[in-house]
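Visitor: Protein chains in written order, with the working numbering: chain X, 47 to 339; chain E, 391 to 741. Beta carbons: idealized from backbone N, C-alpha and C, even for Gly.
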């Protein structure tokens, strides 16, 4: 009896082992190590790392680039998330309807997602290029003055936000489309019969029923906005004057350009804390108001 | 005045007619049942009345007003769907109030109206629940509540009881009928269940392949079926239909022995007799051979045959008969129905 029990336990642990090893090696250990290293100084040459307490965090408070990256990230999230979700819902409603070439439309909306990010960034780089870029050619055609979209601090972040929306909206649309196709058409008929306009039907029935999808998309969008680094590397390198530097890009700079790994670890800890808190708030508070079927 | 009138209404999909030139009218305050087997066009007819589908030909009048092209919301009707179509994220109260809220009716009357409907349907304790927390019967009541709070003169119901168990169905049948009479609503009710039609309706519209087979009261549908289809659709077991042949004194049952059942020549005619109108005669009558008998408590259904033609007999109480036994059957002349064998139509002229 005991031996069988033991065998079951061993089998269970063996089945868990591959996933657990991967999680430990690439998620849990790095997270804990990051936190640990953030309390030490960066080892340099003959000087090993020494315990410095919260010194790295104190430096951070006085670091204007950190604050700018954080604010930039906030603007970036606020700029991309609501717009890309609204666009995704609108597109999903459209391609869910009975229109000709529906399959082709769905595919084309999904294209930005399947394209490699570096390629996407390069295409947009061409759009934004001064003098001969696509945008310049169009504005030039109408006689508007030339503008360096990625080169001026006032428009660099906005230009990146536009690319992110273009890329995310199609991806999120797939989730909304799937959710819409689960919905019983009888609900729309019942609402119409009761005299609800399309607008009322959307706000009173459809949107609340799409809430689980919206919540899921919201979390993904937020993580994506804090995870964005490749577009910046290709398009602006955080410039000009850190105008388009986001938190992860700043961490990348600190870690791999300045090789200040301890400070980068402290920055990463902050990033993790931000993401962890938002996830907690969402699951804890928004989930309660969401109707799951 | 008729509350609902259909004039030659058709609904075509390609070359297939779901509803083919249907005409009938429902008088105000009547309970009309659209009855028929699956695929006969009864649900489509209801959807056409509701405005959820548009007819390809014909006119639909509600309260003597042509509504053929109007959207559902402007037809002054309420509807209960087969799947109830409750909004899963809204509470019972919100579901019931959905229509009056979106139509922006005066909000100060909502609590009183909601309470009246909830009391009428026994939902008072459940107003804060979500549809997912309710039983099938309770969900059904919420759907009813949503339909009656609007106080529309016409209510349409699409197989509302088909998702309930037999016990609850019986209960709801009486409740819906009671509610309809109490509120004086004109009801159009779709079902494939003849028991529902017979027990609830003032008027039964029997459909077959998109055409109206008979439009009559339940009494008449039972007593004077217009066709063999109507005759066999009502009653359990259905009416026996027997081919007739020419005999010396008139029509006789083909392949059977016994006296003539009508004075005319029998070829080309069919005789219909309901199982419950046939009794076992001690002698004489028409000879039949027993195949099997099923005992149901109150009565016994005896399956037998006259010559090659099968028929069933409903005998009261317990009747013990062995397979292969010969029995003689008798029935009253008034219980006989004659039909044209070619068209299936009723023949009143045969006696």
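If you measure between the beta carbons of residue 471 (chain E) and residue 235 (chain X), is that distance less than 9 Å?
Guide: For residue 471 (chain E) and residue 235 (chain X), yes; Cβs fall inside 9 Å.
Visitor: Are the CB atoms of residue 621 (chain E) and residue 423 (chain E) within a distance shorter than 9 Å?
Guide: For residue 423 (chain E) and residue 621 (chain E), no; Cβs fall outside 9 Å.
Visitor: Is the shortest distance between the beta-carbon of residue 475 (chain E) and the beta-carbons of chain X less than 9 Å?
Guide: Closer than 9 Å to some Cβ of chain X, the Cβ of residue 475 (chain E) qualifies, so yes.
Visitor: Can you list the residues of chain E that residue 258 (chain X) reaches, using a CB-CB cut of under 8 Å?
Guide: Within 8 Å Cβ-Cβ: nothing; residue 258 (chain X) doesn't reach chain E, min ~10 Å.
Visitor: Give every residue of the same chain whose Cβ lies closer than 8 Å to the Cβ of residue 652 (chain E), excluding the five residues on either side of it in the sequence, and list them in chain order.
Guide: Result list for residue 652 (chain E): 634, 640, 641, 659, 661, 726, 728, 740 and 741, in chain order.
Visitor: So, helix, strand or coil for residue 460 (chain E), using DSSP?
Guide: It is coil, neither helix nor strand.
Visitor: Which residues mark the beginning and the end of the beta strand (DSSP E) in which residue 607 (chain E) is found?
Guide: Taken as a continuous stretch (DSSP letters only), residue 607 (chain E) belongs to no beta strand (DSSP E), as it is neither H nor E.
Visitor: How about the region 579-593 of chain E and the region 692-712 of chain E: do they share at least three Cβ pairs that are nearer than 8 Å?
Guide: These segments do not touch.
Visitor: Could you compute how far the alpha carbon of residue 416 (chain E) sits from the alpha carbon of residue 449 (chain E)?
Guide: Straight-line Cα distance between these residues: approximately 14 Å.
Visitor: Under 9 Å, Cβ to Cβ, is there at least one residue of chain X near residue 462 (chain E)?
Guide: Interface residue, yes.
Visitor: Using three-state DSSP, classify residue 706 (chain E) as helix, strand or coil.
Guide: Three-state DSSP puts residue 706 (chain E) in a strand.
Visitor: Please report how far the alpha carbon of residue 289 (chain X) lies from the alpha carbon of residue 202 (chain X), in whole angstroms.
Guide: Between residue 289 (chain X) and residue 202 (chain X), the C-alpha separation is close to 7 Å.
Visitor: Can the beta-carbon of residue 174 (chain X) be found less than 9 Å from the beta-carbon of residue 140 (chain X)?
Guide: Not in contact: residue 174 (chain X) and residue 140 (chain X) (Cβ atoms no closer than 9 Å).
Visitor: Residues of chain X with CB closer than 7 Å to the CB of residue 531 (chain E), please, in chain order.
Guide: Going along chain X, no residue has its Cβ under 7 Å from residue 531 (chain E), so there is no contact; the nearest lies around 16 Å.
Visitor: Which residues, taken in chain order from the region 235-254 of chain X, show a beta carbon closer than 8 Å to some beta carbon of chain E?
Guide: The region 235-254 of chain X vs chain E, Cβ under 8 Å: 235, 236, 237, 238, 239, 240, 241, 242, 243, 246, 250, 251 and 254.
Visitor: Beta-carbon of residue 67 (chain X) versus every beta-carbon of chain E: anything under 9 Å?
Guide: No - not a single Cβ of chain E is within 9 Å of the one on residue 67 (chain X).
Visitor: Using DSSP bridges, identify the partner residues of residue 727 (chain E).
Guide: Note: residue 727 (chain E) sits in a beta bridge opposite E:662.
Visitor: Quick check on this structure: which residue in E:599, E:594 and E:600 has the alpha carbon closest to the alpha carbon of residue 615 (chain E)?
Guide: Of the candidates E:599, E:594 and E:600, the one whose C-alpha sits nearest the C-alpha of residue 615 (chain E) is E:594.
Visitor: Name, going along the chain, the residues of the region 217-233 of chain X whose beta-carbon falls closer than 9 Å to a beta-carbon of chain E.
Guide: Against chain E - using a Cβ distance shorter than 9 Å - the residues of the region 217-233 of chain X are 230, 232 and 233.
Visitor: Looking at C-alpha atoms only, which residue of X:73, X:91 and X:78 is the closest neighbour of residue 306 (chain X)?
Guide: Comparing Cα-Cα distances from residue 306 (chain X) to each of X:73, X:91 and X:78, the minimum goes to X:91.
Visitor: Going along the chain, which residues of the region 470-495 of chain E sit with their C-beta nearer than 7 Å to a C-beta in chain X?
Guide: Within the region 470-495 of chain E, the qualifying residues are 471, 473, 475, 477, 478, 479, 488, 489, 492 and 493.
Visitor: If I measure Cβ to Cβ from residue 665 (chain E) and keep anything under 6 Å in the same chain, skipping five residues before and after, which residues do I get?
Guide: Result list for residue 665 (chain E): 627, 702, 703 and 704, in chain order.
Visitor: Output yes or no for whether 9 Å exceeds the beta carbon distance between residue 430 (chain E) and residue 583 (chain E).
Guide: No, the Cβ-Cβ distance between residue 430 (chain E) and residue 583 (chain E) is not below 9 Å.
Visitor: Assuming residue 427 (chain E) and residue 438 (chain E) make a contact with CB atoms under 8 Å, what is their CB distance in whole Å?
Guide: So it is not a contact: roughly 19 Å between Cβ atoms.
Visitor: Alpha carbon to alpha carbon, how far is residue 581 (chain E) from residue 155 (chain X)?
Guide: Rounded to whole angstroms, residue 581 (chain E) to residue 155 (chain X) spans 44 Å at the Cα level.
Visitor: Out of curiosity, what's the CA-to-CA distance linking residue 737 (chain E) and residue 731 (chain E)?
Guide: For residue 737 (chain E) and residue 731 (chain E), the distance between alpha carbons rounds to 10 Å.
Visitor: Would you call the region 321-330 of chain X and the region 294-304 of chain X in contact, with 3 or more CB pairs under 8 Å?
Guide: Because the criterion of three Cβ pairs below 8 Å is not met, the region 321-330 of chain X and the region 294-304 of chain X do not touch.
Visitor: Nearest to residue 204 (chain X) by CA position, among X:273, X:123 and X:106, is which residue?
Guide: Comparing Cα-Cα distances from residue 204 (chain X) to each of X:273, X:123 and X:106, the minimum goes to X:123.
Visitor: Run through chain X and tell me which residues come within less than 8 Å of residue 412 (chain E), C-beta to C-beta.
Guide: Within chain X, no residue comes near residue 412 (chain E); the closest Cβ sits about 21 Å away, beyond 8 Å.
Visitor: Let me make sure I understand the geometry here. Which of X:308, X:231 and X:120 has the alpha-carbon closest to that of residue 473 (chain E)?
Guide: When only C-alpha atoms are compared, the closest one is X:231.
Visitor: So what's residue 647 (chain E) in DSSP terms, helix, strand or just coil?
Guide: It is coil, neither helix nor strand.
Visitor: Can you give me the start and stop residues for the alpha helix (DSSP H) that residue 506 (chain E) sits inside?
Guide: Residue 506 (chain E) -> alpha helix (DSSP H) spans 500-511.
Visitor: How would you list, in chain order, the residues of chain X whose beta-carbon sits under 9 Å from the beta-carbon of residue 453 (chain E)?
Guide: Chain X residues near residue 453 (chain E): none, gap ~17 Å exceeds 9 Å.
Visitor: When the Cβ atoms of the region 484-498 of chain E are set against those of the region 529-540 of chain E, are three or more pairs found closer than 8 Å?
Guide: Yes, the region 484-498 of chain E touches the region 529-540 of chain E.
Visitor: Going along the chain, which residues of its own chain have a beta-carbon closer than 7 Å to the beta-carbon of residue 476 (chain E), five neighbours each way excluded?
Guide: For residue 476 (chain E), where only same-chain residues beyond five positions count, the Cβ hits under 7 Å are 485, 521, 529, 532 and 533.
Visitor: Just to check my reading of the structure: residue 492 (chain E) and residue 242 (chain X) have Cβ atoms closer than 8 Å, yes? What is that Cβ distance to the nearest angstrom?
Guide: Right, the Cβ-Cβ distance comes to about 4 Å (below 8 Å), so this counts as a contact.
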